[in-house]
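Basically the working numbering = 1-based index in the sequence shown + 8. Quick reminder that beta carbons are idealized off the backbone N, C-alpha and C, glycines included. No experiment lies behind these values; they were computed from the predicted model shown.
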Amino acid sequence: MASETRTPRPVAGAQLPPLEIPITRTLIVAGAIASRDYQDVHHDAELARQKGSPDVFMNILTTNGLVGRYITDHFGPRAVLRKVAIRLGAPNYPGDTMVLTGRVEAVDGDTATVRVVGANAIGRHVTGTVTVVLPAPSFVPDGEATS
């Protein structure tokens with residue numbers, strides 16, 4: 009007889025494991041293009057330098073997507089992001105690494121609020137909270153895939 013495993017439920021105070029994201033020029037440019045942000049500071053290093061930046065830097069929409077990925081990577085693909093409220097700080101430049109960390113601040117039924125911080129070598133790139141609705145707990149017999 010197969011044993012069953014339960015999808016874990018979050019508890020307030022729980023820490024999410026960190027996620028390291030290498031900040032590459034390709035990630036910065038691709039994120040800007042994918043979000044239709046054609047500001048030159050996100051794809052043209054020379055024009056970014058002329059405007060006072062040492063290099064191109066990540067846009068807020070790419071950061072927002074990475075924060076969402078961090079949450080759904082942890083809680084699973086059936087988790088639904090209800091609210092993402094972030095604030096940018098230190099820029100993400102090519103060659104750096106952003107480390108996302110999270111802490112469950114509150115749980116109310118099937119909804120959790122998670123405080124997220126993304127830091128790089130300069131400081132905090134992003135801070136904010138994510139409200140996520142979690143799928144109902146499921147029981148999966150060992151060795152069987154879920155759909």
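Self-check item: Closest Cα partner of Thr121 within the set Phe83, Tyr101, Ile29
Solution: Phe83
Self-check item: Rounded distance between the beta-carbons of Met106 and Asn128, thought under 8 angstroms
Solution: 5 angstroms
Self-check item: Nearest neighbour of Thr135, chosen from Ala144, Leu69, Thr109, Val141 [CA to CA]
Solution: Thr109
Exercise. Could you have a look at Thr139 and say whether DSSP puts it in helix, strand or coil?
Key: strand
Quiz prompt | Residue interval of the alpha helix (DSSP H) (run including Asp52) | solution = Per DSSP, Asp52 belongs to no alpha helix (DSSP H) and is neither H nor E.
Quiz item: Are Ala98 and Asn67 closer than 8 angstroms when you measure CB to CB?
Solution: no
Exercise. Please state whether DSSP places Ile94 in a helix, a strand or coil.
Key: strand
Quiz item: Would a C-beta distance cut-off of 8 angstroms place Val140 and Arg77 closer than the cut-off?
Solution: no
Practice problem: Could you pull out every unbroken alpha helix (DSSP H) segment of at least 4 residues lying fully inside the region 17 to 70, listed in chain order? | Solution: 33 to 42, 53 to 58
Quiz item: Counting along the chain, where does the beta strand (DSSP E) carrying Gly110 start and finish?
Solution: 105 to 116
Quiz prompt | Supposed close pair Ala20, Val115 - CB separation, criterion 8 angstroms | solution = 6 angstroms
Self-check item: The beta strand (DSSP E) enclosing Arg123, as first and last residue numbers
Solution: 119 to 127
Quiz item: Got a sec? Which residues, its chain only, sit under 7 angstroms from Arg86 by beta carbon, not counting five neighbours each side?
Solution: Pro143
Quiz item: Quick one, which of Val112, Glu113, Ile29 has its alpha-carbon nearest Asp104's?
Solution: Ile29
Quiz item: Where Leu69 and Asp81 are concerned, what is the direct C-alpha to C-alpha distance, given to the nearest angstrom?
Solution: 18 angstroms
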